[in-house]
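Heads up: the structure comes next, in structure tokens.
Number of protein chains: 4
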Amino acid sequence: MAKPRSDQKREEIFQAGLKLFAQNGYSKTTIKEIAKEAGVSFGTVFTYFETKENLFRACVIEPLAYFKEHMLEVYEGLDNLTLPKLKELIGNHVDLFLEMEQELRIIQYVIGQPHRFSEIEELDQFADAFFLFIQDIVKIGMKKGFLPESDPQEVGYGYLAYLSGIRLIFTDHANVQLTNAFKNQALRLFGIGK
Amino acid sequence: MAKPRSDQKREEIFQAGLKLFAQNGYSKTTIKEIAKEAGVSFGTVFTYFETKENLFRACVIEPLAYFKEHMLEVYEGLDNLTLPKLKELIGNHVDLFLEMEQELRIIQYVIGQPHRFSEIEELDQFADAFFLFIQDIVKIGMKKGFLPESDPQEVGYGYLAYLSGIRLIFTDHANVQLTNAFKNQALRLFGIGK
Amino acid sequence: MAKPRSDQKREEIFQAGLKLFAQNGYSKTTIKEIAKEAGVSFGTVFTYFETKENLFRACVIEPLAYFKEHMLEVYEGLDNLTLPKLKELIGNHVDLFLEMEQELRIIQYVIGQPHRFSEIEELDQFADAFFLFIQDIVKIGMKKGFLPESDPQEVGYGYLAYLSGIRLIFTDHANVQLTNAFKNQALRLFGIGK
Amino acid sequence: MAKPRSDQKREEIFQAGLKLFAQNGYSKTTIKEIAKEAGVSFGTVFTYFETKENLFRACVIEPLAYFKEHMLEVYEGLDNLTLPKLKELIGNHVDLFLEMEQELRIIQYVIGQPHRFSEIEELDQFADAFFLFIQDIVKIGMKKGFLPESDPQEVGYGYLAYLSGIRLIFTDHANVQLTNAFKNQALRLFGIGK
DNA sequence: TATGAATGAGGATTCATTCAT
DNA sequence: TATGAATGAATCCTCATTCAT
């Protein structure tokens with residue numbers, strides 16, 4: 023059986039797609055390049071992904087699952103939220119957005135061309151869920167008194183935009199100083215200082 | 023909007039390119055489509071823009087000039103900045119980002135693929151200039167006392183990311199409520215409330 | 023205007039398609055070969071025929087129109103049919119089948135793979151019409167007394183099969199002797215001798 | 023039907039090839055489809071037939087052997103031919119042509135593209151032999167007086183064309199009525215009625 | 001012997017660009 | 001200057017064949 027090798031090859035092709043789609047966009051990326059980057063032959067790409075579009079789709083959808091899991095995660099439930107936990111959560115969000123460079127670049131590519139990619143629907147669903155999640159946090163924070171008076175919707179919109187933007191702007195890999203800057207500014211969107 | 027232009031055909035082709043490049047990206051947009059959208063014949067596009075790439079370049083660079091002008095603009099100079107004027111400036115920034123949908127979509131397309139487009143340099147220069155501009159504002163605001171203690175760099179980074187993000191996230195045309203939300207959250211990044 | 027040239031080019035491509043599809047079948051014929059045979063460049067084929075399939079379709083359908091016209095033609099109407107006129111008609115049929123070598127070869131290719139080509143419907147319609155036409159002739163011939171007692175349906179089936187077969191069997195260009203042989207045998211299917 | 027064959031897998035692959043080549047032609051038929059139809063794995067096809075072309079060749083040549091045997095067969099020798107025996111022979115011919123649908127479809131595919139398949143030579147040899155066989159029959163029939171004055175060559179050509187045509191025209195399975203029609207018309211080519 | 005993953009040559013099609021009118 | 005036919009490079013995808021298991 024050649025199956026154990028298969029899974030590895032699929033992953034290599036997937037990673038190559040992730041890298042090149044992120045770097046050059048969908049149309050400019052060729053299967054030939056992906057094959058070369060993955061260290062496989064041209065035809066092998068089609069063994070694992072029926073079409074170029076399917077590979078791209080996978081590069082959008084599969085990271086999204088990981089993303090969902092980590093963005094909406096609060097230890098011990100929302101009801102036990104405290105200010106330190108919120109700060110940690112925000113820190114994790116910023117880290118995640120700065121880490122997942124390629125995946126987010128592809129997602130932005132899709133968002134930027136909503137007419138063109140049907141995957142946009144899954145992205146919208148995620149954005150909606152995240153938006154509600156943030157609103158809940160703001161409400162709880164206000165109720166518990168560790169967040170100032172705020173409009174939960176406004177914070178939700180603003181925070182989502184902000185996170186999206188930090189990945190957009192900086193093309194080089196993030197450094198510690200920058201990361202801290204982003205975390206501090208994120209806190210301000212919730213009305214809290216350092 | 024951009025430059026005053028005697029030749030109307032050039033402008034129509036330019037606008038068609040702006041629209042379609044924003045909608046579908048560089049590679050997916052064809053000259054034929056642009057010609058159709060502009061209401062000119064196929065070959066005429068090449069009369070006004072030597073190559074497809076040149077047209078795209080124009081769609082990136084020309085709006086940037088307008089953009090620079092309006093983003094870095096403070097009436098009566100930075101030294102006379104006051105809190106109301108800052109609020110107005112921030113309001114203008116948000117409005118501008120929400121208005122210039124197509125232009126910013128193209129710019130984001132370029133930013134998202136820095137290896138691919140040399141225009142990125144001009145964009146970087148603009149980002150740098152804007153970044154410094156915001157830092158200066160923060161410094162003056164703190165000195166004059168209408169801004170709280172802040173790290174000017176952090177505010178600069180955060181604000182730029184934030185503005186970029188608000189254009190990225192919302193694909194439909196902005197409404198008043200959303201606009202206000204974005205403006206209010208922008209103030210928070212400067213450490214000031216409503 | 024380049025239109026006058028256009029029509030000629032289209033015809034050249036069409037003829038090249040006719041020849042090569044007839045010679046090698048649909049799949050084995052490449053656009054490259056057609057272009058070469060037509061003396062045009064590769065891309066020009068697509069200027070005149072959107073796809074390879076469209077070109078093939080044209081090679082099936084367009085000759086069929088000519089074919090219909092000449093196969094179902096009786097001067098002065100069926101009611102005035104006489105034995106000499108019938109003999110002439112049969113002679114014309116045989117001539118037509120022997121002349122239209124390429125066109126019929128393509129039609130046979132389609133008939134041989136009815137699941138594959140939707141054009142088969144038009145062919146079936148023609149076959150039906152021709153079948154009825156022959157039956158009418160037999161009925162009139164019997165009524166007028168210049169044809170012996172026959173089953174019109176049987177003659178129709180047999181004659182249609184026969185005509186189809188004479189094109190199938192002989193790959194080289196027909197000679198006079200062969201042509202006469204086929205005409206004489208065709209008469210026998212109607213129950214009449216030389 | 024063809025040869026007795028010890029290896030059942032070979033036979034299944036062969037039959038699958040026969041069916042699919044007949045249905046879709048050479049190029050459109052894939053090894054994968056043949057494997058699926060035969061119920062074997064992809065690679066197994068190559069165990070029994072070195073190449074796709076070899077399998078196709080087998081699908082042309084092997085039925086031809088059976089065909090030869092049954093088409094040229096006269097019980098008790100040509101010298102003892104009588105009218106009833108001739109009628110029986112013609113009936114057998116028609117039956118055989120109507121029965122061997124797939125095999126004949128492939129053969130017609132080859133005949134239709136003589137430049138493309140070298141197997142055409144074997145087919146030509148068979149056609150020549152059959153042609154002579156029919157001529158001999160006509161000569162004997164005339165000598166013995168049960169056939170009218172005819173040109174043996176003409177009958178040979180016509181009869182061969184006719185048989186070929188009956189297979190070509192009717193795509194659905196033959197019924198009794200149609201079969202009888204074809205047999206009756208075949209007799210007419212020999213100058214004899216029902 | 002049976003399998004099916006890997007390979008890459010070959011083909012249809014797209015589309016930027018050229019250029020004759 | 002405006003047009004759109006002509007060109008062919010570039011790309012996705014198919015599929016026969018090979019070969020390791």
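If you're matching them up, the sequences are chains A, B, C and D in order.
Start counting the first sequence at 23; every next residue gets the next number (this note's numbering).
Start counting the second sequence at 23; every next residue gets the next number (this note's numbering).
Start counting the third sequence at 23; every next residue gets the next number (this note's numbering).
Start counting the fourth sequence at 23; every next residue gets the next number (this note's numbering).
Each residue gets a CB set at the ideal place from its N, CA and C atoms; glycine is no exception.
- Minimum Cα-Cα distance from Gly-113/C among the listed residues Lys-50/C, Asn-206/C, Glu-84/C corresponds to Asn-206/C.
- Met-122/D carries a coil assignment under DSSP once its states are collapsed to helix, strand and coil.
- None of the residues of the segment 72-97 of chain D has a beta carbon lying less than 8 Å from any beta carbon of chain C.
- Of Gln-37/D, Glu-95/D, Thr-51/D, Val-96/D, the smallest CA-CA separation from Met-122/D is found for Gln-37/D.
- In this chain, the alpha helix (DSSP H) harbouring Ile-83/B covers 74-93.
- Residue-level contact check: Gln-130/C touches chain D, since one or more beta carbons of chain D fall below 8 Å from its beta carbon.
- Look at Phe-152/C: its C-beta is not under 8 Å from any C-beta on chain D.
- In terms of Cβ geometry, Val-62/D and Glu-98/D do not form a close pair [threshold 8 Å].
- Interface criterion not met: the Cβ of Lys-41/B is under 8 Å from no Cβ in chain A.
- Gln-45/C has a beta carbon lying within less than 8 Å of a beta carbon in chain D.
- For Gly-99/C, the three-state secondary structure derived from DSSP is coil.
- Residue-level contact by beta carbon fails for Ser-63/B and chain A, as no gap is shorter than 8 Å.
- Secondary structure note for Ser-186/A: its alpha helix (DSSP H) is the uninterrupted segment 174-191.
- Per DSSP, Thr-69/C is one residue of the alpha helix (DSSP H) stretching across 64-70.
- DSSP, read as helix, strand or coil, puts Asn-197/A in coil.
- No residue range can be given for Asp-29/B, since it is assigned to no alpha helix (DSSP H) and is classified by DSSP as neither H nor E.
- Setting aside the 5 residues that flank it on each side, Arg-189/D is surrounded in the same chain by Phe-119, Leu-126, each with a C-beta closer than 6 Å to its C-beta; the list follows chain order.
- From the beta-carbon of Leu-185/A, the residues of chain B found nearer than 8 Å are Gly-187.
- By the rule that beta-carbons nearer than 8 Å mark a contact, His-115/B does not touch chain A.
- Around the beta carbon of Ala-57/B, a 10 Å sphere encloses 16 or more other beta carbons of the protein chains shown; the residue is thus reported as buried.
- Residues of chain A with a Cβ closer than 8 Å to the Cβ of Ala-203/B are, in chain order, Asp-173, Gln-175, Glu-176, Tyr-179, Gly-180.
- Thr-73/D sits exposed, since fewer than 16 C-beta atoms from the chains shown fall within 10 Å of its C-beta.
- The C-beta of Leu-211/D comes closer than 8 Å to at least one C-beta of chain C.
- Contact of Leu-190/C with chain D by beta-carbon distance below 8 Å involves Gln-130, Ile-133, Gly-134, Ala-183, Ser-186, Gly-187, Leu-190.
- Inclusion of Ile-128/C and Cys-81/C in the CB contact set at 8 Å is warranted, their separation being smaller than that value.
- Within the model, the alpha-carbon separation for Gln-147/B versus Gln-199/A is close to 21 Å.
- Straight across, the Cα-Cα distance linking Phe-155/D with Lys-161/D is about 10 Å.
- Taking one beta carbon from each stretch, the segment 173-192 of chain D and the segment 175-190 of chain C have 3 or more pairs nearer than 8 Å; the two touch.
- Rounded to the nearest whole angstrom, the CA to CA distance from Gln-45/C to Glu-143/D is 16 Å.
- Around the Cβ of Gln-30/C, a 10 Å sphere holds fewer than 16 other Cβ atoms; the residue is exposed.
- DSSP places Pro-136/D in the coil class of the three-state scheme, outside both helix and strand.
- Sixteen is the threshold: when 16 or more other Cβ atoms of the shown chains lie within 10 Å of the Cβ of Tyr-48/D, as they do, the residue is buried.
- Residues Glu-171, Ser-172 of the same chain have their beta carbon placed closer than 7 Å to that of Met-164/D, with the five preceding and five following residues left out of the count.
- Counting only Cβ-Cβ distances below 7 Å, Arg-127/D has contacts in chain C at Gly-134, in chain order.
- Counting the other Cβ atoms within 10 Å of the Cβ of Phe-204/A gives 16 or more, which makes it buried.
- Here Thr-51/A is near Phe-43/A, since their CB atoms are less than 8 Å apart.
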